[in-house]
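Worksheet: the structure to be examined is printed underneath.
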Amino acid sequence: MTAGQSHVVSIVVSRTAGEVFAFMADPGKLNRWSFGTWETDIAADGLVTGTSIFDGGRILVRIDADSDRLSIDYKLGQDAAKLVPRITVRVVPGANLGLDGGHCVLTFIAWRAAAMDDDRWRRLTASHEFEAVLIKNLLENGRA
Numbered sequence: 000m001t002a003g004q005s006h007v008v009s010i011v012v013s014r015t016a017g018e019v020f021a022f023m024a025d026p027g028k029l030n031r032w033s034f035g036t037w038e039t040d041i042a043a044d045g046l047v048t049g050t051s052i053f054d055g056g057r058i059l060v061r062i063d064a065d066s067d068r069l070s071i072d073y074k075l076g077q078d079a080a081k082l083v084p085r086i087t088v089r090v091v092p093g094a095n096l097g098l099d100g101g102h103c104v105l106t107f108i109a110w111r112a113a114a115m116d117d118d119r120w121r122r123l124t125a126s127h128e129f130e131a132v133l134i135k136n137l138l139e140n141g142r143a
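The structure is reproduced here in structure tokens:
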């Protein structure tokens, strides 16, 4: 197994799992927290065209949210017909982990595409670390 092909970050958020899930599943909120889609255009069918804060690169994103499992796949790519799930978010209710119901754990999982160079991968992993903290603070401080 090759090291460095995935990255996981989790954070406790003092909001219900439902609140956090709704925020993360909303394409209109991506530009509040995602550095890879800092500027967004959202088509009528929900397809997001995002522009990176880092290099101005553009990417297509389709959010595939499963409210029963509190799981979200962010399907990414350059061609709307060939999007792949490279980032997954899971929201775990606090009660499942011994926390009270007003808390949950937000977890990001990212997989490294073969074409992604070391610098771009490092930028993505560092971004997810900070994005988790940003999301926590936006939600907990009523700024979401």
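Position one of the sequence shown corresponds to residue 0 (the working numbering), numbered consecutively onward. C-beta atoms are modelled at their ideal positions from N, C-alpha and C, and glycine is treated no differently. Note that the structure is predicted; figures quoted are calculated from it, not measured.
Check	Outcome
Presumed contact (8 angstroms Cβ cut-off) between Lys74 and Val88, rounded CB distance	So it is not a contact: roughly 12 angstroms between Cβ atoms.
Buried versus exposed call for Leu96 [16 or more other C-beta atoms within 10 Å across all chains shown]	exposed
Helix, strand or coil at Thr15 according to DSSP, with G and I counted as helix	coil
Local conformation of Asp116 per DSSP, three classes	coil
Burial state of Gly101 (16 or more Cβ within 10 Å)	exposed
Proximal residues to His127 (C-beta, below 7 angstroms), its chain only, five neighbours per side dropped	His6, Val8, Phe107 and Ala109
Inter-residue Cα distance where the pair is Asp72 and Phe53	23 angstroms
Exposed unless 16 or more other CB atoms sit within 10 angstroms - verdict on Ser66	exposed
Proximity of Lys135 and Val19 at Cβ, strictly below 7 angstroms	no
Reduced DSSP category for His6 - H, G, I as helix; E, B as strand; rest coil	strand
Alpha-carbon spacing of Ile41 relative to Ala143, whole angstroms	18 angstroms
Distance CB(Gly49)-CB(Thr36) smaller than 7 angstroms	yes
DSSP three-state assignment for Leu59, whether helix, strand or coil	strand
Where Trp32 falls: helix, strand or coil (DSSP)	helix
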